[in-house]
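So the sequence lines, in the order shown, correspond to chains A and B.
Using my numbering, read the first sequence as starting at 139 and increasing by one per residue.
Using my numbering, read the second sequence as starting at 139 and increasing by one per residue.
From the three backbone atoms N, C-alpha and C, an ideal C-beta is built for every residue, glycine too.
If you're wondering where the values come from, they're calculated on a predicted model, not measured in any experiment.
Read the structure below first, then the notes.
Protein chains: 2
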Amino acid sequence: LTTTPRFGVNYTPSKDWMFQWMAIDPAVVRADFEAIAALGVDHVRVFPLWPVLQPNRTLIRQRALDDIALVADLAAEHGLDISVDVIQGHMSGFDFVPAWLVNWHDGNMFTDRPAIDAQAALVSAVYDAVRDKPNFLGLTLGNELNQFQRPNPAAMPAKRDEVTHWLTSLLGAPRDRDPRHVVTHSENDHLWYRDEHPFVPVHAARQGDMTTVHSWIFNGTAATYGALSPQSVRHAEWMIELSKAFATDPRRQVWLQEVGAPSMNLAESEMPEFCARTIEAALTTDDLYAVTWWCSHDVTRELGDYKDLEYSLGLLDTENNVKPLGRRFAEVVAEARAAGARPAGSGRATAVVVDVDADDLPLSRASLGPGGAVFERWHALREDGVEVAVVTSAAAADPAALAARGIRELVRVDAV
Amino acid sequence: LTTTPRFGVNYTPSKDWMFQWMAIDPAVVRADFEAIAALGVDHVRVFPLWPVLQPNRTLIRQRALDDIALVADLAAEHGLDISVDVIQGHMSGFDFVPAWLVNWHDGNMFTDRPAIDAQAALVSAVYDAVRDKPNFLGLTLGNELNQFQRPNPAAMPAKRDEVTHWLTSLLGAPRDRDPRHVVTHSENDHLWYRDEHPFVPVHAARQGDMTTVHSWIFNGTAATYGALSPQSVRHAEWMIELSKAFATDPRRQVWLQEVGAPSMNLAESEMPEFCARTIEAALTTDDLYAVTWWCSHDVTRELGDYKDLEYSLGLLDTENNVKPLGRRFAEVVAEARAAGARPAGSGRATAVVVDVDADDLPLSRASLGPGGAVFERWHALREDGVEVAVVTSAAAADPAALAARGIRELVRVDAV
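And the structure:
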């Protein structure tokens, strides 16, 4: 049987957005968590700000750690588990980089040894701050930290091997780890779709305790195919299956850690349908750990300079009223829970092949994204009713690897 | 009579340095202020951090304002008045720029209209937060914000007129001003010594309620002449006199807002002498509002990445023990207070001439700094016992202007 995944939300506080982390107001967070719990979810993913936690390279503020522990306890009051992202870092189009890495102190968080040590110390400290909370699920290193690569105008360039070193240094930082906790990292889809990007698919699929996927149709999918097209509502499913091609463990879990309904592509009236169809499609995959919607609350219009979509991504408005999107999300969650465990997939017996080099790097990551040949072939087969997987060309040449995943038919896409 | 100026310290909290402003711990600040008051000073200048006050362009955090008011009250407990710098901004080699002005939101605090409006709103809000505190002296816009011009690697370039507009917009922001309050701005000596720098002497000497001067001998003065040379111990006096050349009001007050004893130039055993001779020299000037030493407390070695001098600039160590430098400073303050008001200077009847253009911009600001011809001539006369002032070439051609300052002899320096 494949168990029903967890359902949760990425927590964007109703008041002061992530700046709430500068000094947690328990009354605000308690009210937010009450409204979130009423949606039927079991967990929140939370995002303290890096400069608040570690304003100096060698200073980790105890009060900021205490605030994380406090938020964990507030979540527990409402039956919610909590997953903590350590390094923000990047959030909704804003970058929060501490003063010890900018301007006169211009540094590179990925390659400077003192900066890596400092981040590892922070990961360890945050872990210790919540390790013994019964509702603590685990850590993610930070939200889409690969956004500090190009095309960020303040990019901190790193080579692939340097990224590997940074990831392993930080993922290994928690001491006395409880094996029930999940330690992961996360990236936006540049990792999957952009050639030259130094974060690569094997980082996502082999580093950390499970693979995380962030699915956003504003990446060209909605613009190319339509926001309610099969390609858009199956974009998350596609990313999940794509990621499995690069895992060494065929049963490695995948966490759909972010997916949301962006207003530049979807009318508000279309968002509930997008939500339902997206989750339904994701639920056809095996070994799905969780679906964590982006996000809990709209950003208030009182805050300036966000891209317009951020003001309407919430399941809840800033007064904790459930929006139509939130109602539909809650229904889908309830339906999934009611359906309970389903038979494990017979296995996706058909797989589209991604050509890779000796390091399992795709020869063309562009072919994997919207408009790409592999992307389009997978979706065409899927639309024809085939439960189609993805394999690398290396795995395609390895009968044992194919057998382990139950793959019996390969679909090769002509190179463009 | 010329009254004795105020004496104070720039407040660098003993614990967590300026990160103390992320959440004020009253016990820490109270103990610090007790130790500061024991030095015999009457005021502190304080530096909340910009991203703590205004993390989003349209969000000014009430808690951060409350912390400023709290610190004002803690100062009052120890008989200390308080002056608040609003925008930090730049502090001891670190830049604190909020996320709404960097990377994807790359902006210019001096020239972007929304950014100027936001800063003006912050100046107004900080003013309102402390306006009615009996011990509130006034505001400085921020600490050396001209450090966000070149050569800062993240410079936000502005032209002179744009700087003027920014200054007037922010200086005019406080509403319902109490005329007893002092509203100023501050710059490092690039304003005085660097050609091409868009902050210019007339900004310092004509904008705001008084002129502020920041005197640091690490600017080449100590390296060129020796750290206990006449040029070094009279560097502050020189800057005060230089600033007077550009004032339109001959009685405009000058605030020696920062002066300190840098360890790259001075052995610890030399610091007390430097302190005493520097203050004694400054006290020979008229209309001196205050001498505010940099700084109250050493930076703890537990904090990383500061330039080495920052760890030893304090009058007090991080345990609130008075250092030899602090003892000497306290003695000098006590002596000055005991001496009381002194006869107003007979006026400095001799003045070195600074050649300026039609906008009162020096033709060579390099000539005003260490190694420069005007700088050296002034110091040579001063060392000969002349109480020498500075005038612009425009004033030198204006008998009324000379008479207003009691200047009867002009010393012209050959252009280099």
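Span separating the alpha-carbon of residue i from that of residue j
i                        : j                           : result
asparagine 241 (chain A) : leucine 308 (chain B)       : 24 Å
glutamate 448 (chain A)  : arginine 199 (chain B)      : 21 Å
proline 291 (chain B)    : valine 235 (chain A)        : 16 Å
glutamine 192 (chain B)  : aspartate 446 (chain A)     : 21 Å
serine 370 (chain A)     : glycine 464 (chain A)       : 19 Å
valine 270 (chain A)     : aspartate 443 (chain B)     : Residue identity differs from the one stated: residue 270 (chain A) is aspartate in this sequence, not valine. Rounded to the nearest angstrom, the two C-alpha atoms are 33 Å apart.
asparagine 273 (chain A) : alanine 207 (chain A)       : 11 Å
methionine 229 (chain B) : tyrosine 331 (chain B)      : 20 Å
alanine 175 (chain B)    : leucine 404 (chain B)       : 26 Å
proline 388 (chain A)    : glutamate 379 (chain A)     : 11 Å
aspartate 154 (chain B)  : valine 529 (chain A)        : 52 Å
glutamine 158 (chain B)  : serine 450 (chain B)        : 19 Å
leucine 239 (chain A)    : phenylalanine 185 (chain B) : 21 Å
methionine 294 (chain B) : arginine 288 (chain B)      : 8 Å
arginine 520 (chain B)   : alanine 213 (chain B)       : 39 Å
alanine 259 (chain A)    : leucine 279 (chain A)       : 12 Å
leucine 506 (chain B)    : alanine 383 (chain B)       : 12 Å
leucine 197 (chain B)    : aspartate 204 (chain B)     : 14 Å
tryptophan 516 (chain B) : methionine 247 (chain B)    : 36 Å
methionine 156 (chain B) : glycine 544 (chain B)       : 44 Å
alanine 474 (chain A)    : alanine 419 (chain A)       : 12 Å
valine 261 (chain B)     : leucine 441 (chain A)       : 19 Å
threonine 142 (chain B)  : arginine 313 (chain B)      : 31 Å
aspartate 170 (chain B)  : lysine 461 (chain B)        : 14 Å
serine 381 (chain B)     : tryptophan 188 (chain B)    : 28 Å
threonine 416 (chain B)  : glutamate 282 (chain B)     : 21 Å
serine 531 (chain B)     : arginine 503 (chain B)      : 14 Å
alanine 161 (chain A)    : alanine 542 (chain A)       : 49 Å
methionine 377 (chain A) : aspartate 255 (chain A)     : 32 Å
Residue i burial status per 10 Å Cβ neighbour count (16 or more: buried)
i                        : result
asparagine 326 (chain B) : buried
arginine 195 (chain A)   : buried
glycine 310 (chain B)    : exposed
aspartate 151 (chain B)  : One point to set straight first is that residue 151 (chain B) is proline, not aspartate, in the sequence displayed. Burial call: buried.
glutamate 396 (chain B)  : buried
asparagine 459 (chain A) : exposed
alanine 165 (chain B)    : exposed
arginine 546 (chain B)   : exposed
alanine 202 (chain B)    : buried
serine 353 (chain A)     : buried
alanine 479 (chain B)    : exposed
threonine 386 (chain A)  : exposed
glycine 276 (chain A)    : buried
aspartate 536 (chain B)  : exposed
serine 434 (chain A)     : buried
Where the beta strand (DSSP E) containing residue i begins and where it ends
i                           : result
tyrosine 449 (chain A)      : Here tyrosine 449 (chain A) belongs to no beta strand (DSSP E), and DSSP marks it neither H nor E.
threonine 222 (chain A)     : For the record, residue 222 (chain A) in the displayed sequence is valine; it is not threonine. 219-225 is the extent of the beta strand (DSSP E) around valine 222 (chain A).
phenylalanine 145 (chain A) : 144-148
tryptophan 431 (chain A)    : 426-431
CB contact below 8 Å: residue i versus chain C
i                       : result
aspartate 244 (chain B) : Going by chain labels, chain C is absent from the structure shown, which instead holds the protein chains A and B.
Any non-hydrogen atom of the ligand ADP within 7 Å of residue i CB
i                        : result
methionine 377 (chain A) : Questions concerning the ligand ADP fall outside what the structure shown contains, since it holds no ligand whatsoever.
Bounding residues of the alpha helix (DSSP H) (the contiguous stretch that carries residue i)
i                           : result
phenylalanine 274 (chain A) : Looking at the DSSP string, phenylalanine 274 (chain A) is not in any alpha helix (DSSP H); the run it does join, the beta strand (DSSP E), is 274-280.
glutamate 547 (chain A)     : Per DSSP, glutamate 547 (chain A) belongs to no alpha helix (DSSP H); it is in the beta strand (DSSP E), 547-549.
threonine 306 (chain A)     : 298-309
glutamine 395 (chain B)     : It is not in any alpha helix (DSSP H) - glutamine 395 (chain B) instead sits in the beta strand (DSSP E) that spans 392-397.
serine 407 (chain A)        : Careful: serine 407 (chain A) lies outside any alpha helix (DSSP H) and carries neither H nor E.
valine 492 (chain B)        : Not the alpha helix (DSSP H): valine 492 (chain B) falls in the beta strand (DSSP E), residues 488-492.
phenylalanine 374 (chain A) : Per the sequence shown, residue 374 (chain A) should be read as alanine rather than phenylalanine. 373-382 is the extent of the alpha helix (DSSP H) around alanine 374 (chain A).
Given 8 Å, three or more beta-carbon pairs between the region 207-222 of chain A and the region 241-259 of chain A:
no
Below 8 Å, how does it come out for the region 348-363 of chain B and the region 300-307 of chain B: are there three or more Cβ pairs, yes or no?
no
Sufficient close CB pairs (3 or more, under 8 Å) joining the region 332-339 of chain B to the region 411-420 of chain B
no
If contact means a Cβ-Cβ distance below 8 Å, which residues of the region 268-301 of chain B contact chain A?
Asn290, Pro291 and Ala292
Beta carbons nearer than 9 Å to chain A: which residues of the region 362-378 of chain B have them?
none
May I ask you to list, following chain order, the residues of the region 226-242 of chain A that have a beta carbon less than 8 Å from some beta carbon of chain B?
Gly231, Phe232, Asp233, Phe234, Val235, Ala237, Trp238, Val240, Asn241 and Trp242
Report yes or no: do the region 414-431 of chain A and the region 388-395 of chain A share at least 3 C-beta pairs separated by less than 8 Å?
yes
Mind checking the region 145-165 of chain A against chain B and listing, in chain order, the residues whose C-beta falls within less than 8 Å of any C-beta there?
Asp154, Trp155, Phe157, Met160 and Ala161
Can you pull out the residues from the region 421-446 of chain B whose beta carbon lies closer than 7 Å to at least one beta carbon of chain A?
Glu440, Leu441, Gly442 and Asp443
Residues in the region 177-207 of chain B with C-beta within 9 Å of chain A's C-beta atoms, listed in sequence order?
Leu187, Pro189, Val190, Pro193, Asn194, Arg195, Thr196, Leu197, Arg199, Arg201 and Ala202
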